[in-house]
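J.: Numbering (my numbering), first residue to last: 1 to 116.
C-beta: ideal position from N, C-alpha, C; glycine also.
All of these numbers come straight from a predicted model, not from anything done at the bench.
Submitted below is the structure of interest, expressed as structure tokens.
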């Protein structure tokens, strides 16, 4: 089955909902909230779309899979921690809820803002 015929505009939402309903709670919650926040913030979708379209314009064949180099070129949601370098091989464990909801870390922590 060819990818361009298999992943039609009509089938993609069905596939997403299938993944959503068949997954475990953390996965389905993450996907649900991602879709919710993206639907409420069209400017974020526009920026992500522009980044993805720029990658597609550089390709000879837009139907190829995403390469590692293309993935690494995506900068919209890349996080940087000024002054910190994590050495190769180290394990990093984050208390994400404590970081995300701390107003000293993020101004207005309950607002969806993928740019922070």
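Three or more C-beta pairs closer than 8 Å, one from the segment 100–108 and one from the segment 26–40: is that the case here?
T.: Cβ pair count under 8 Å is below three, so no.
J.: Tell me which residue opens and which closes the alpha helix (DSSP H) that residue 71 is part of.
T.: Run containing residue 71: 68–73, per the alpha helix (DSSP H) assignment.
J.: Tell me whether the beta-carbon of residue 47 lies closer than 8 Å to the beta-carbon of residue 74.
T.: Cβ atoms of residue 47 and residue 74: not closer than 8 Å.
J.: Helix or strand or just coil, what does DSSP make of residue 101?
T.: Of the three classes helix, strand and coil, the one that applies to residue 101 here is coil, per DSSP.
J.: Can you list, in chain order, the residues of its chain with a C-beta nearer than 7 Å to that of residue 41? Leave out the 5 residues immediately preceding and following it.
T.: Counting only Cβ-Cβ distances below 7 Å, and skipping sequence neighbours, we find 112.
J.: Helix, strand or coil: how does DSSP classify residue 160 here?
T.: Given that the chain is displayed from residue 1 to residue 116, the structure contains no residue 160 and the question cannot be resolved.
J.: Alpha carbon to alpha carbon, what distance is there between residue 44 and residue 76?
T.: Rounded to whole angstroms, residue 76 to residue 44 spans 9 Å at the Cα level.
J.: Measuring only the C-alpha atoms, how far is residue 27 from residue 19?
T.: Taking the straight line from one Cα to the other gives about 9 Å.
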